[in-house]
Amino acid sequence: KQEVTQIPAALSVPEGENLVLNCSFTDSAIYNLQWFRQDPGKGLTSLLLIQSSQREQTSGRLNASLDKSSGRSTLYIAASQPGDSATYLCAVLGDMRFGAGTRLTVKP
Amino acid sequence: GAGVSQTPSNKVTEKGKYVELRCDPISGHTALYWYRQSLGQGPEFLIYFQGTGAADDSGLPNDRFFAVRPEGSVSTLKIQRTERGDSAVYLCASSLSPSDGYTFGSGTRLTVV
Numbered sequence: 001k002q003e004v005t006q007i008p009a010a011l012s013v014p015e016g017e018n019l020v021l022n023c024s025f026t027d028s029a030i031y032n033l034q035w036f037r038q039d040p041g042k043g044l045t046s047l048l049l050i051q052s053s054q055r056e057q058t059s060g061r062l063n064a065s066l067d068k069s070s071g072r073s074t075l076y077i078a079a080s081q082p083g084d085s086a087t088y089l090c091a092v093l094g095d096m097r098f099g100a101g102t103r104l105t106v107k108p
Numbered sequence: 109g110a111g112v113s114q115t116p117s118n119k120v121t122e123k124g125k126y127v128e129l130r131c132d133p134i135s136g137h138t139a140l141y142w143y144r145q146s147l148g149q150g151p152e153f154l155i156y157f158q159g160t161g162a163a164d165d166s167g168l169p170n171d172r173f174f175a176v177r178p179e180g181s182v183s184t185l186k187i188q189r190t191e192r193g194d195s196a197v198y199l200c201a202s203s204l205s206p207s208d209g210y211t212f213g214s215g216t217r218l219t220v221v
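Here the protein sequences line up with chains D and R, keeping their order.
Using this note's numbering, the first residue of the first sequence is number 1, and each one after it goes up by one.
Using this note's numbering, the first residue of the second sequence is number 109, and each one after it goes up by one.
What follows is the structure, given as structure tokens:
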């Protein structure tokens with residue numbers, strides 16, 4: 001059974017910092033991996049989808065990488081802003097499993 | 109529709125009652141998923157439909173939980189004899205196929221009192 005782990009569970013940074021969120025999975029035979037953002041009391045908003053054959057995907061200040069051999073994906077956020085404060089979740093598609101998320105706070 | 113729609117957005121019910129939660133996926137999405145999310149936790153997989161059939165129901169916690177998707181579009185999650193521990197946000201997502209990106213609805217917050 002696929003296990004998905006996200007570290008750290010919570011992160012607080014000052015505005016403007018670059019940061020990395022980590023997602024690890026136990027079964028490297030994944031289809032694709034998707035990163036989501038969840039604001040308090042809201043549903044999940046898709047940020048990036050990485051195909052299993054890709055190594056990275058970029059959208060604006062966000063960059064997600066995928067290393068299947070090591071069972072890891074990272075989400076890089078450049079020049080963080082207070083509006084980036086939310087919980088970030090990764091999901092291994094096909095296995096339909098999520099990590100517990102990283103709660104990010106960006107302080108003005 | 110333009111997105112995944114879930115109704116109701118909030119449901120308060122008494123312990124022991126029966127509830128139904130509805131999910132209307134994006135038109136043309138053959139894959140539909142139900143998840144349950146408790147406060148501070150990631151979404152917990154419940155069941156996955158491919159078309160009309162439940163392709164994977166391994167996440168349903170017990171036989172009080174049941175879901176249907178009779179025409180391959182709208183799905184209903186049914187919970188019998190609700191317990192206080194069933195209180196959570198129930199999320200529905202759909203995708204073109206299991207390997208395509210998921211689109212989530214806003215969820216139904218279920219409170220069992």
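A virtual CB, placed ideally from N, CA and C, is assigned to each residue, including glycine.
As the structure is a computational prediction, the values presented were derived from the model and not from experiment.
Look up residue i in the DSSP assignment and give the residues it is bridged to.
i, result
"T105(D)", "S12(D)"
"G99(D)", "According to DSSP, G99(D) bridges with nothing at all."
"N22(D)", "I7(D), T74(D)"
"Y198(R)", "R144(R), T216(R)"
"S183(R)", "C131(R)"
"G161(R)", "Q158(R)"
"E56(D)", "S65(D)"
"S28(D)", "Its beta-bridge partners do not exist; DSSP assigns none."
"Y119(R)", "Before going on, a small fix: residue 119(R) reads as Lys here, not Tyr. Beta-bridge pairing links K119(R) to L218(R)."
"Q34(D)", "L49(D), A91(D)"
I want to see whether chain D comes within less than 8 Å of residue i, judged by CB atoms only; does it?
i, result
"Q149(R)", "yes"
"P206(R)", "yes"
"L168(R)", "no"
"Y198(R)", "no"
Between residue i and chain R, is the shortest Cβ-Cβ distance under 8 Å, so that the two count as touching?
i, result
"N12(D)", "The displayed chain sequence assigns Ser, not Asn, to residue 12(D). No - not a single Cβ of chain R is within 8 Å of the one on S12(D)."
"A79(D)", "no"
"K68(D)", "no"
"L33(D)", "no"
"L44(D)", "yes"
"A29(D)", "no"
"R61(D)", "no"
"A64(D)", "no"
"L47(D)", "no"
State the CB to CB distance for the pair residue i and residue j, rounded to an integer number of angstroms; the pair is presumed to be in contact (CB under 8 Å).
i, j, result
"V20(D)", "T105(D)", "Wrong, their Cβ atoms sit about 15 Å apart, outside the cutoff."
"Y198(R)", "A91(D)", "17 Å between Cβ atoms; not a contact."
"K5(D)", "S28(D)", "What sits at residue 5(D) in the sequence shown is Thr, not Lys. 14 Å between Cβ atoms; not a contact."
"Q149(R)", "S214(R)", "Actually they are not in contact, since the Cβ atoms of Q149(R) and S214(R) sit about 18 Å apart, beyond 8 Å."
"R189(R)", "N118(R)", "Not really, about 21 Å apart at Cβ, beyond 8 Å."
"I30(D)", "K68(D)", "7 Å"
"A78(D)", "N18(D)", "5 Å"
"V112(R)", "F173(R)", "With 8 Å as the limit, V112(R) and F173(R) do not qualify as a contact, their Cβ atoms being about 20 Å apart."
"F98(D)", "P133(R)", "With 8 Å as the limit, F98(D) and P133(R) do not qualify as a contact, their Cβ atoms being about 19 Å apart."
"S207(R)", "L93(D)", "6 Å"
Spatial neighbours of residue i within its chain, please: CB distance less than 8 Å, with the 5 preceding and 5 following residues excluded, ordered by chain position.
i, result
"E15(D)", "S80, Q81, P82, V106, K107, P108"
"S205(R)", "T138, A139"
"A175(R)", "W142, L154, I155, F157, A162, D165, L168, S183, T184, L185, K186"
"V221(R)", "V120, T121, E122, K123, R192"
"R55(D)", "S65, L66, D67"
Cutting at 6 Å between CB atoms, please list the residues of its own chain near residue i, excluding the five before and the five after it.
i, result
"N22(D)", "I7, T74"
"Y228(R)", "Since the displayed chain R opens at 109 and closes at 221, residue 228(R) lies outside it and no answer follows."
"E3(D)", "T26"
"E128(R)", "T184, K186"
"R72(D)", "S24"
What residues in its chain sit with their C-beta under 7 Å from that of residue i, if we drop five residues either side in the sequence?
i, result
"S12(D)", "T105, K107"
"R37(D)", "T45, L47, A86, Y88"
"G124(R)", "R189, T190"
* **the stretch 123-153 of chain R: positions lying closer than 7 Å to chain D by Cβ** => Y141, Q149, G150, P151, F153
* Select from the stretch 208-219 of chain R all residues with a C-beta closer than 9 Å to any C-beta belonging to chain D, and list them in chain order. => D208, G209, Y210, T211, F212, G213, S214, G215, R217
* Near-chain R residues of the stretch 90-101 of chain D - C-beta to any C-beta below 8 Å -> Answer set for the stretch 90-101 of chain D: A91, L93, G94, M96, R97, F98, G99, A100, G101.
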